[in-house]
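Here's the structure, in structure tokens; my notes come after.
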Amino acid sequence: LCTRHGGTIRLGEEDLSTRKTARRALLGMGYVPQTRDIFRSLTVEQNLGTGIRSGSGARVEEAYAIFPRLAERRRNLGGQLSGGEQQMLSIARTLLGRPSVLLLDEPLEGLAPIICDELMETIAKLCSSRAMTIILVEQQIERALAFGEHTLIIEKGRIAWDGTVAALKADHTLIETYLGVGIR
Numbered sequence: 002l003c004t005r006h007g008g009t010i011r012l013g014e015e016d017l018s019t020r021k022t023a024r025r026a027l028l029g030m031g032y033v034p035q036t037r038d039i040f041r042s043l044t045v046e047q048n049l050g051t052g053i054r055s056g057s058g059a060r061v062e063e064a065y066a067i068f069p070r071l072a073e074r075r076r077n078l079g080g081q082l083s084g085g086e087q088q089m090l091s092i093a094r095t096l097l098g099r100p101s102v103l104l105l106d107e108p109l110e111g112l113a114p115i116i117c118d119e120l121m122e123t124i125a126k127l128c129s130s131r132a133m134t135i136i137l138v139e140q141q142i143e144r145a146l147a148f149g150e151h152t153l154i155i156e157k158g159r160i161a162w163d164g165t166v167a168a169l170k171a172d173h174t175l176i177e178t179y180l181g182v183g184i185r
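In terms of this note's numbering, the sequence shown has 52 at position 51, counting the first letter as 1, and numbering is strictly consecutive.
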């Protein structure tokens, strides 16, 4: 990642910008990287087990309830999964850590459109069914805007615009200026 040159990132009263990754996770931050970062030589079940925080009470069955396809593949190695299944595994493993904030970095990159739709539907359900904030970094603008309530446009590391999805969709000049795309 980039070196921080200023500002803070807070979760509650904690300044996350000065904390190590393990401490951020303990404070409730879950991160699903763009690269998925699953363990290719472990089974789906073993991968999920690595996401369970000691004493949390989380069980792999929770992940299977969110992504039933993973239950069908529980004995497959991570490296045998399709890109969409690997992304499901990465998200499910992170959710087993019971985060209060989930950061998804380009979760749809390189996935088939049908899998993108399935993932976004699942993410939307998670957002409405859990007391969890989801921060979605995504280049597929229309899919991202269909999911979100609040939007930030960041340009060169600074917030260029901050507002509701409805306000962004209504401002065609803003969309063209920052996103360079048409939105329906």
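Don't be surprised by glycine CBs; every beta carbon is placed ideally from N, CA and C. Just so it is clear, the structure is predicted and the values come from calculations on it, not from any experiment.
Residue environment, residue i, which counts as buried when at least 16 other CB atoms sit within 10 Å
i: L153; result: exposed
i: I115; result: exposed
i: E139; result: buried
i: G111; result: exposed
i: P108; result: buried
i: S55; result: exposed
i: R25; result: buried
i: L71; result: buried
Contacts around residue i, its chain only, beta-carbon distance under 7 angstroms, and the 5 residues preceding and following it disregarded
i: G29; result: L12, P100, S101, V102
i: L175; result: W162, L169
i: R60; result: none
Contact set for residue i: own chain, Cβ-Cβ below 8 angstroms, skip 5 residues either direction
i: T44; result: R75, R76, N77, L78, G79
i: G149; result: L137, V166
i: L120; result: G85, Q88, M89, I92, P108, L109, L112
Cα-Cα separation between residue i and residue j, rounded to whole angstroms
i: Q87; j: Y65; result: 14 angstroms
i: G8; j: T19; result: 11 angstroms
i: I160; j: Y179; result: 11 angstroms
i: L169; j: E143; result: 12 angstroms
i: M133; j: K126; result: 11 angstroms
i: I53; j: D172; result: 43 angstroms
i: E62; j: A147; result: 29 angstroms
Endpoints, beta strand (DSSP E) assigned at residue i
i: I136; result: 134 to 138
i: A161; result: 159 to 165
i: T152; result: 151 to 156
i: Y32; result: 30 to 33
i: L105; result: 102 to 106
Within 7 angstroms, strictly: CB atoms of residue i and residue j
i: G98; j: G31; result: yes
i: R5; j: N48; result: no
i: V33; j: I124; result: no
i: Q35; j: D118; result: no
Start-to-end residues for the alpha helix (DSSP H) that takes in residue i
i: G84; result: 84 to 96
i: D118; result: 114 to 130
i: L71; result: 69 to 73
i: T22; result: 22 to 27
i: L43; result: Here L43 belongs to no alpha helix (DSSP H), and DSSP marks it neither H nor E.
Nonlocal neighbours in the same chain, by C-beta distance under 6 angstroms from residue i, ignoring five residues either side
i: F40; result: N48, G79
i: L104; result: Y32, I136
i: I10; result: L17, S18
i: E156; result: none
i: F68; result: M89, A93
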